[in-house]
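A.B. asks: Quick one: the structure is below, and I'll ask about it shortly.
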Amino acid sequence: MEHSFTLVLFTVLSQLAIGGFITLFFLDALKGKLSPKTSQTAAVGVVVIGIVAVLASLFHLGHPFHAAKALLNFGHSWLSREVIFFAIFIVIAIIYLFVSKTEGGRKKIVAGLGTLFGILTVYSTAMIYTIPSMPAWNNGTTLLAFMLTACVLGPLFVQTISGFTKDTFIDCSRYTTTIIGALIVVNLLIISVAHGGSDEAVATGLAICTSPLFWIKAVLYVLAFLISGRSICNSNLKNTNIATILFVLMLVAEFLGRIVFYATGVHL
Amino acid sequence: MGKFSRRDFLKGSAALGALVGVGTGVGSSFKKTKKVSAAGNTKQVFSACPRNCYDTCSIVTTVGDGTIKFITGNKNCTYTNGRLCVKGYTYPNYVYSPDRVKYPMKQEGRGTGKWTRITWDEAFEMIANKIFEIKKEYGSTLPIALNKYSGTFNTLSYGIEGTLSSIGYTTRAQGTPCWPAGIDSQTFDFGTIVNSDPEAMIHSKYILVWGANPAWNSVHSMNILQKAKENGAKVVVIDPILTDTAANADEYIEIKTSTDGALALGMAKYILDHNLHDMDWMRKNSVGYQEYLNYLNNNITLEWASEKTGIPVEVIERLAREYAAAKPACIWIGYGMQRHTNGGAAVRSIDALAAMSGNVGVLGGGANYAQLDSWLVNYSAMAMSPPEGSGGGADRMININNFPAQVLDLNSGDPNKIPIKMLWVAGRNPIAQDPETSVSYKAFDSIDFVVTADLWFNETVAQSDLVLPISSIFETWGVHASYWHYWLHINEPAIDPLYETKCDVEIAMGLSKKMNEMEPGSCTYPTDRTMEEWAAMEISQDFLNSKGMTSYKDLLKTGTAKVEGYDAAWADGVFRTPSGKYEFLSEKCASFGHHALPVYVEAKEVPTDRPIRLLTPHWKYGLHSQFQNLSWMQSVHNEPFVEIHPELAQKKGIADGDMVKVHNHIGFVELRAKHTLTVPKDAVVIYEAWYKDQKFNVNYLVEATPADMGSCATGQAGLAFHDQFVNIDKL
Amino acid sequence: MGMKNLQRYYILYLFLQKFYAGELNRLDFETWENLIQSLQQDCMDEENETIWQGLRRFVESTSEQQEQLEFAFNSLFVGPGKLLAPPYESAYLNENRVLMQQETLSVRKFYEQAGLELICKNHEPDDHIAFELEFVCYLLGQYLQTKEKEMIQMYHTFLKTHLFRWAGVHCEAIREHSDHPICLGIADLLDGLIQNGQTEETMKEGNQNG
Amino acid sequence: MANQKYGFIISMERCIGCNACTISCKSYYNLNPSINRRFVREVEETLVGEAKRCHISTACNHCEEPGCAKACPTGAYTKLDNGIVKHNQDRCIGCKMCATACPYGVPQFDPVKKKMDKCSLCVELLEVGEETICMASCPMEAIQVVDLNETETIGLVDRVNGFVNPDITKSTTLFKLPDATHTVRRDL
């Protein structure tokens with residue numbers, strides 16, 4: 016697909032921001048496990064990444080200055096919904112910046128709402144691509160893959176931030192390993208579903224399997240899975256440096272994966 | 007406006023003084039005006055397409071603000087029904103392309119690209135000087151050659167022949183590449199070419215389209231075929247290629263290339279054996295029928311015909327039975343099947359089949375090839391006499407189909423031969439379109455001075471000393487007739503000529519004026535007429551009378567009018583042969599070295615080292631080197647390809663879409679292979695076309711092999727374009 | 031904007047106009063050198079580096095190169111081959127690279143609003159750069175002489191809505207297809223004028239806003 | 010107006026794949042060279058019976074449930090009562106989602122306007138009782154624009170092998186499939 020790099024940036028970055036925010040919801044708002052500095056820094060990161068994502072997405076448009084018109088078809092268009100949900104998400108993330116220092120219900124409500132709109136955004140993004148004219152995308156794997164991107168990058172992002180803020184390390188190794196495992200399974204699923212589908216889906220499957228980027232991603236997945244898995248039982252590996260390495264590996268892997276996603280989609 | 011002199015406000019400027027001294031002043035390109043042009047001010051005028059095409063369409067051009075807005079077909083013409091073809095619709099793109107040749111320009115060293123813009127006056131002076139120089143040295147203008155053909159069939163474009171005639175006796179590229187063998191055949195059989203009005207095919211019960219592809223080359227006739235089919239006629243296509251015409255027919259019969267004569271004779275034999283022939287018609291209207299029938303009886307069997315053509319005996323029998331039973335049945339004889347070393351003989355056999363089965367002179371019947379009877383024009387722009395005292399005695403003819411080789415021969419330095427010193431090219435791109443491209447380059451190199459008149463920069467212009475910019479039909483007057491249908495169109499200018507373009511007659515007048523200024527009496531071309539007057543002079547009184555018109559102005563009301571009386575060609579039984587009858591046995595034919603009867607002539611043998619036949623038919627998005635170069639056409643197609651049957655491709659290890667090299671002893675081309683079941687297994691098909699900015703030129707593979715006939719009616723034999731053999735390899 | 035600037039622009043536009051009208055193609059080398067020298071003198075106050083780069087290219091061109099100018103000029107702007115850097119506005123702005131469409135007609139309309147019409151209307155496209163430059167010189171000349179505000183306004187609008195909209199791409203085409211120092215210098219000159227125009231535009235806006 | 014439902018009927022029996030429709034439409038609407046509103050495609054040679062050349066000419070199929078309208082974030086597409094799927098270019102921001110969503114790949118990105126472009130069924134011509142440009146230009150009269158509510162559709166099909174399944178968005182274009190041509194081929 017043409018002009019897809021801006022879409023790669025938007026989808027991966029928005030999912031990273033949303034994953035990061037949901038992590039804040041759990042670790043900060045619900046459990047209070049993060050230092051104010053970490054949660055503040057992470058929240059700023061979420062907002063900045065979210066805005067970068069929005070700016071990137073504008074470059075995809077023929078007329079970026081008329082982007083506001085994209086809100087008009089909320090009733091039918093998943094793209095309109097995505098835009099609106101993500102805009103609300105960013106606004107809530109900004110509000111969270113101000114309430115994160117406080118304690119109690121208000122913070123939880125804000126974080127909960129942000130999480131809700133974040134999930135709605137990822138769902139809308141996935142639905143944009145779950146369309147009959149793109150047979151390989153037209154199934155649950157698109158949604159699964161997008162959700163998992165958010166799930167894997169979010170906690171790793173917050174862990175990485177906590178490294179910078181010299182916060183105490185929160186161990187998520189079981190969780191991370193599970194999600195990376197799930198990603199590997201979903202990727203196998205995508206290929207097998209494609210191979211069993213229409214001519215165009217088969218062509219997509221073939222294009223994925225022959226893409227060098229896909230194989231680089233596969234290597235990164237396996238590497239990240241091994242490191243993360245090893246850190247479950249090896250307490251020497253439970254530290255923010257390892258988390259940062261995993262974050263970089265998975266971020267690169269998701270970028271490559273998304274490039275492959277757009278490049279191999281075969282239209283009816 | 008007045009020129010700007012050094013103004014007070016620019017006191018002290020050093021550059022201004024220098025600049026003011028150069029050229030014209032500021033504002034001198036403009037004049038004062040009060041009006042602001044209103045949008046939406048449109049008018050419609052009649053134009054006509056002058057291309058070398060069966061359909062020669064009348065066009066309605068919508069003009070606004072002095073520019074072409076849109077073009078459509080002229081509904082007054084029932085043949086086209088107000089529709090054009092894909093090529094015609096690209097004309098706005100054609101006229102307004104920034105890449106047209108705009109001004110007269112001269113080149114310092116042919117092929118160098120070092121072009122200088124000159125005025126028309128300078129161009130005329132250059133040409134005139136060269137003519138005088140040649141005349142002085144050789145005592146005649148015979149070393150001046152004209153190579154002009156079918157780039158435009160506007161009758162005013164024959165002004166270029168007139169130009170050369172008006173300066174003296176010159177050398178002419180004579181003949182026509184594409185259809186002369188068939189013309190000769192019909193000249194021997196009927197006396198000349200006359201086809202029934204193609205619109206009358208609607209009355210036919212059975213139509214054999216034999217070696218023609220109207221779906222691509224005569225799309226309005228294709229529509230008539232379709233309507234005839236919907237009326238209940240059976241349409242059968244006989245062709246080596248399963249064309250788009252064949253695809254829309256009831257039946258397609260794949261014939262082995264160059265064996266069409268054998269099929270016609272086989273069918274005639276069956277008809278004779280089963281007493282389905284029209285003895286009465288033959289007795290009354292023909293000579294030599296007994297000899298012909300004897301030849302069928304003694305020499306032809308269906309098994310033989312089947313073996314030659316590759317068509318099963320029972321199919322030939324059925325075809326013959328259906329053809330003879332359907333009344334009326336017509337045959338459309340295409341130009342493809344006569345581009346062979348036995349092509350003329352094949353057309354004679356088909357003519358004979360139509361005649362013996364009683365289908366000549368019948369509404370909805372006929373052996374339809376072409377006609378020139380509708381050209382009720384005076385050729386007044388062409389018919390010029392040489393100046394008094396011209397040397398050389400008469401024009402010298404050289405074969406257009408072997409032009410480069412003949413030029414090289416004349417220029418070989420033999421003192422007994424008058425060489426070609428100057429060449430005028432018009433309405434042609436011979437370097438790209440003639441066979442044996444590499445020989446063409448050599449021939450051009452041997453000529454001192456080359457003038458090319460064209461709208462586009464092409465290979466031939468690149469090899470010229472001087473290029474003259476030509477106006478399109480939308481910028482000039484014209485009178486246009488077809489060699490197939492019977493409509494005569496007038497073409498009035500839709501817009502002013504862009505840049506400094508001129509039509510051929512204006513060039514002739516300009517040159518004449520210059521030559522007579524320099525040497526009074528050296529050119530006879532009249533210089534005192536407007537283009538409208540020239541156009542008016544072209545339309546013959548016969549035509550005006552037959553339509554009840556008093557002047558060309560009446561024709562301007564409808565843009566077009568049909569010459570009547572040709573619903574069924576030869577219905578009056580008056581043939582234009584020496585005997586006045588249809589001649590199965592033609593002494594005239596024999597006098598040109600052929601058999602007097604329409605006998606079978608063996609096809610050219612397939613060389614063992616080049617076993618694959620190369621067919622190079624016309625292309626649907628272009629006409630020779632025209633149209634395929636336009637950006638609109640490029641938006642639907644812009645890459646040459648070779649069609650190959652998957653079985654042949656498999657033997658050669660060529661996958662669909664592979665780059666291949668098609669080559670023979672004279673050259674090669676490289677292009678993409680396209681698998682298709684619609685071509686024969688022993689041939690490949692490359693469509694001839696000129697792609698802008700691409701190296702592709704199929705003529706690197708085409709040898710100047712003459713067809714068997716053509717020299718009687720057109721002066722020179724045609725070209726056996728389809729008797730070419732190649733090898734093909736994956737790259 | 032200072033009168034001096036406008037006077038200098040007038041000279042530069044006039045120079046470009048003469049160039050595109052083909053009138054500098056056959057100058058003898060001495061006349062050419064004198065012209066360029068005096069052009070440099072006139073441009074002493076010019077601060078735009080691109081314009082100076084162009085002027086320096088002119089000086090650097092040798093007499094052999096200057097003799098070849100016409101060939102280079104024709105292959106870029108005249109033909110007979112495919113134009114490598116078409117000198118027509120519509121060749122860049124029309125979607126089909128087709129001349130004499132609405133793009134050309136809107137230039138025609140502009141001329142008409144200034145009370146002018148091309149003598150060769152409908153024969154040469156109105157949007158040939160030589161005509162556009164001549165028109166620019168006309169407006170500027172009128173203003174410098176009469177100080178009529180309307181003229182300078184039209185001058186700015188014409189540059190903004192026509193010449194400057196496409197001349198940049200045209201300059202790129204020259205750079206891509208030519209290595210002739212004079213043609214490259216012309217591209218620099220034109221680009222420099224566009225840059226100055228943009229700077230002035232921003233300054234003007236700044237002034238208005240401020 | 011309300012009772013009309015405009016749609017295309019394409020006679021593949023008549024279509025010869027010449028692209029006259031594409032070019033005349035391009036000329037009338039002065040489209041960018043890189044985009045077209047009509048598409049002429051070669052379809053399987055063995056579509057009906059023995060192998061032969063087969064073409065299909067289509068434009069926007071003015072679907073009953075247009076995928077473009079669902080995908081477009083600005084609501085630039087509207088399915089009108091008269092059957093036409095109208096694209097309002099003033100609203101378009103050039104996000105290209107419609108091109109992805111349309112099963113036929115109809116909307117195209119105009120690189121100059123930076124907006125999408127597609128067939129409007131020449132609505133302004135239809136409204137004054139004239140034929141669409143493609144219909145009036147086709148030299149084979151293979152293209153018809155009809156009121157589908159008033160037209161006999163027996164013998165017509167809504168799908169052609171090799172062209173996309175009409176079920177997804179309920180394409181309204183109907184086709185007359187070509188008859189089989191009896192062919193006699195040489196054995197080699």
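Protein chains in written order, with my numbering: chain Z, 16 to 283; chain B, 7 to 737; chain E, 31 to 240; chain Y, 10 to 197. Ideal Cβ placement from N, Cα and C applies to all residues, glycine included.
(1) For chain Y, find out if any of its Cβ atoms is closer than 9 Å to the Cβ of G88 of chain B; answer yes or no.
(2) Please report how far the alpha carbon of I216 of chain E lies from the alpha carbon of D75 of chain E, in whole angstroms.
(3) Is I65 of chain Y close to chain Z? Criterion is C-beta to C-beta, closer than 9 Å.
(4) So, does the stretch 175-192 of chain B touch the stretch 450-466 of chain B, judging by three or more C-beta pairs under 8 Å?
(5) Taking Cβ positions, are T198 of chain B and A567 of chain B nearer each other than 9 Å?
(6) On the premise that D379 of chain B lies in contact with V200 of chain B, defined as a C-beta separation below 8 Å, what is that separation, rounded to the nearest angstrom?
(7) From Z:R96, Z:S92, Z:F36 and Z:I199, pick the residue whose C-alpha is nearest to that of G129 of chain Z; which is it?
(8) DSSP on A144 of chain E, reduced to helix/strand/coil?
(9) Does chain B have any CB closer than 9 Å to the CB of D188 of chain Y?
(10) State the start and end residues of the unbroken beta strand (DSSP E) segment that holds M343 of chain B.
(11) With a threshold of 16 other CB atoms inside 10 Å of the CB of A389 of chain B, please say whether the residue is buried or exposed.
(12) Taking Cβ-Cβ distances shorter than 9 Å, what residues in chain B pair up with H210 of chain E?
(13) Using C-beta distances below 6 Å, list every residue in its chain close to N35 of chain E, excluding the 5 sequence neighbours before and after it, in chain order.
(14) Say whether the stretch 50-60 of chain B touches the stretch 481-490 of chain B, bearing in mind that this needs 3 or more beta-carbon pairs closer than 8 Å, one atom from each stretch.
(15) Strictly under 9 Å for the Cβ-Cβ distance: is S29 of chain Z near chain Y by that measure?
(16) Please check the pair P334 of chain B and S210 of chain B, which I expect to be a contact at CB under 8 Å, by giving their CB distance rounded to whole angstroms.
(17) Please check the pair A311 of chain B and L359 of chain B, which I expect to be a contact at CB under 8 Å, by giving their CB distance rounded to whole angstroms.
(18) Start and end of the alpha helix (DSSP H) containing G155 of chain Z?
(19) In the DSSP assignment, find the beta strand (DSSP E) that holds A567 of chain B and state where it starts and stops.
(20) Name, please, each residue of chain E whose Cβ falls closer than 8 Å to the Cβ of P42 of chain Y.
(21) Could you say which of Y:T160, Y:G114, Y:V154 and Y:V132 lies nearest to I44 of chain Y if we only look at CA atoms?
(22) What residue range does the beta strand (DSSP E) around I213 of chain B cover?
(23) Can you find a C-beta in chain B that's less than 9 Å from the C-beta of S105 of chain E?
(24) Excluding the five sequence neighbours on either side, which residues of its own chain have a C-beta within less than 7 Å of the C-beta of V607 of chain B, listed in chain order?
(25) Taking buried to mean at least 16 other C-beta atoms within 10 Å of its own C-beta, is P187 of chain Y buried or exposed?
(26) Assign S180 of chain Y to one of three DSSP states: helix, strand, or coil.
(27) Do T251 of chain B and T315 of chain B have their C-beta atoms within less than 9 Å of each other?
(28) Closer than 9 Å, CB to CB, is Q83 of chain E near chain B or not?
(29) Starting from C543 of chain B, find everything on chain Y with Cβ-Cβ shorter than 7 Å and list it in chain order.
(30) With the cut-off set at 9 Å, would you say K698 of chain B and V92 of chain B are in Cβ contact?
(31) Tell me where the alpha helix (DSSP H) around K657 of chain B begins and ends.
(32) Do V691 of chain B and E645 of chain B have their C-beta atoms closer together than 9 Å?
(33) Just confirm the distance between the C-beta atoms of I325 of chain B and K275 of chain B, as a whole number of angstroms; I'd bet it's less than 8 Å.
(34) In terms of alpha-carbon separation, which member of Z:V275, Z:T38, Z:A44 and Z:S19 lies closest to A160 of chain Z?
(35) Would you verify that the beta carbon of E139 of chain Y is, or is not, closer than 9 Å to some beta carbon of chain B?
(36) Return the CA-CA distance between S36 of chain Y and A695 of chain B, expressed in angstroms with no decimal places.
C.D. replies: Considering the structure as presented:
(1) Here residue 88 of chain B refers to the residue found at position 82 when the second sequence is read from its first residue. True, the Cβ-Cβ gap to chain Y drops below 9 Å.
(2) Locating residue 216 of chain E in the third sequence gives position 186, counting from the first residue. Locating residue 75 of chain E in the third sequence gives position 45, counting from the first residue. Approximately 19 Å between the Cα atoms of the pair.
(3) Taking the fourth sequence and counting its residues from 1, one reaches residue 65 of chain Y at position 56. Output row for I65 of chain Y: interface = no.
(4) no
(5) The sequence position of residue 198 of chain B within the second sequence is 192, counting from 1. The sequence position of residue 567 of chain B within the second sequence is 561, counting from 1. Not in contact: T198 of chain B and A567 of chain B (Cβ atoms no closer than 9 Å).
(6) The count along the second sequence starts at 1 and reaches residue 200 of chain B at position 194. The count along the second sequence starts at 1 and reaches residue 379 of chain B at position 373. Right, their Cβ atoms sit about 6 Å apart.
(7) If you number the first sequence from 1, residue 129 of chain Z lands on position 114. Nearest option by C-alpha distance: Z:F36.
(8) Working through the third sequence from its first residue, we reach residue 144 of chain E at position 114. Note: A144 of chain E maps to coil in three-state DSSP.
(9) Start at 1 with the first residue of the fourth sequence, and residue 188 of chain Y comes out as number 179. Yes, D188 of chain Y counts as interfacial toward chain B.
(10) Sequence index remark: in the second sequence, residue 343 of chain B carries index 337 (1-based). First-last for M343 of chain B: undefined, no H or E at that position.
(11) Numbered from 1 along the second sequence, position 383 holds the residue referred to as residue 389 of chain B. Answer is exposed; the Cβ neighbour count stays below 16.
(12) Numbered from 1 along the third sequence, position 180 holds the residue referred to as residue 210 of chain E. What H210 of chain E touches in chain B: nothing, since even the nearest Cβ is about 12 Å away.
(13) Stepping through the third sequence from its first residue, residue 35 of chain E is reached at position 5. The answer is none, since no qualifying residue turns up.
(14) yes
(15) Locating residue 29 of chain Z in the first sequence gives position 14, where the first residue counts as 1. No - not a single Cβ of chain Y is within 9 Å of the one on S29 of chain Z.
(16) Here the question's residue 334 of chain B lines up with position 328 in the second sequence. Here the question's residue 210 of chain B lines up with position 204 in the second sequence. Indeed they touch by this definition, with Cβ atoms about 6 Å apart.
(17) As a working mapping, residue 311 of chain B is identified with position 305 in the second sequence. As a working mapping, residue 359 of chain B is identified with position 353 in the second sequence. With a Cβ gap of about 12 Å, A311 of chain B and L359 of chain B do not count as contacting.
(18) Reading the first sequence from its first residue, position 140 is the one you call residue 155 of chain Z. Looking at the DSSP string, the run of the alpha helix (DSSP H) that includes G155 of chain Z is G155 to F179.
(19) The residue labelled residue 567 of chain B in the question sits at position 561 within the second sequence. From DSSP, the beta strand (DSSP E) with A567 of chain B extends over T566 to K568.
(20) Here residue 42 of chain Y refers to the residue found at position 33 when the fourth sequence is read from its first residue. What P42 of chain Y touches in chain E: E125, N126 and R127.
(21) Within the fourth sequence, numbered from 1, the residue matching residue 44 of chain Y stands at position 35. Out of Y:T160, Y:G114, Y:V154 and Y:V132, Y:G114 has the C-alpha closest to the C-alpha of I44 of chain Y.
(22) Position 207 of the second sequence, counted from the first residue, corresponds to residue 213 of chain B. Counting along the chain, the beta strand (DSSP E) containing I213 of chain B begins and ends at Y212 to W216.
(23) As a working mapping, residue 105 of chain E is identified with position 75 in the third sequence. For S105 of chain E, the answer is yes, since a Cβ of chain B falls inside 9 Å of its Cβ.
(24) Here residue 607 of chain B refers to the residue found at position 601 when the second sequence is read from its first residue. Contacts found: G267, N348, A351 and D714.
(25) Counted from its first residue, the fourth sequence places residue 187 of chain Y at position 178. Buried, by the Cβ-count rule.
(26) Taking the first residue of the fourth sequence as position 1, residue 180 of chain Y is located at position 171. DSSP places S180 of chain Y in coil when its eight states are reduced to three.
(27) Counted from its first residue, the second sequence places residue 251 of chain B at position 245. Counted from its first residue, the second sequence places residue 315 of chain B at position 309. No, Cβ-Cβ distance for T251 of chain B and T315 of chain B is not below 9 Å.
(28) Mapped onto the third sequence, residue 83 of chain E falls at position 53. Answer no: the Cβ-Cβ gap between Q83 of chain E and chain B never drops below 9 Å.
(29) Working through the second sequence from its first residue, we reach residue 543 of chain B at position 537. Residue 543 of chain B is actually Met in this sequence, not Cys. By Cβ distance, chain Y contributes nothing, its closest Cβ being about 33 Å from M543 of chain B, past 7 Å.
(30) On the second sequence, position 692 is the one that residue 698 of chain B refers to. On the second sequence, position 86 is the one that residue 92 of chain B refers to. No, Cβ-Cβ distance for K698 of chain B and V92 of chain B is not below 9 Å.
(31) Position 651 of the second sequence holds residue 657 of chain B. Its alpha helix (DSSP H) spans residues P652 to K657.
(32) Residue numbering aside, residue 691 of chain B sits at position 685 when the second sequence is read from its first letter. Residue numbering aside, residue 645 of chain B sits at position 639 when the second sequence is read from its first letter. The answer is no: Cβ separation not under 9 Å.
(33) Counting from 1 along the second sequence, the entry for residue 325 of chain B is found at position 319. Counting from 1 along the second sequence, the entry for residue 275 of chain B is found at position 269. Sequence check: residue 325 of chain B is Leu here, not Ile. Their Cβ separation, rounded to whole angstroms, is 12 Å, which puts L325 of chain B and K275 of chain B out of contact at 8 Å.
(34) Taking the first sequence and counting its residues from 1, the one referred to as residue 160 of chain Z is at position 145. Among Z:V275, Z:T38, Z:A44 and Z:S19, the Cα nearest to that of A160 of chain Z is on Z:V275.
(35) For the purposes of this step, residue 139 of chain Y is taken as residue 130 along the fourth sequence, with counting starting at 1. Taking Cβ atoms only, chain B never reaches closer than 9 Å to E139 of chain Y, which makes this a no.
(36) As a first step, residue 36 of chain Y is located in the fourth sequence; it is residue number 27 there, counting from the start. As a first step, residue 695 of chain B is located in the second sequence; it is residue number 689 there, counting from the start. S36 of chain Y and A695 of chain B: Cα-Cα distance of roughly 22 Å.
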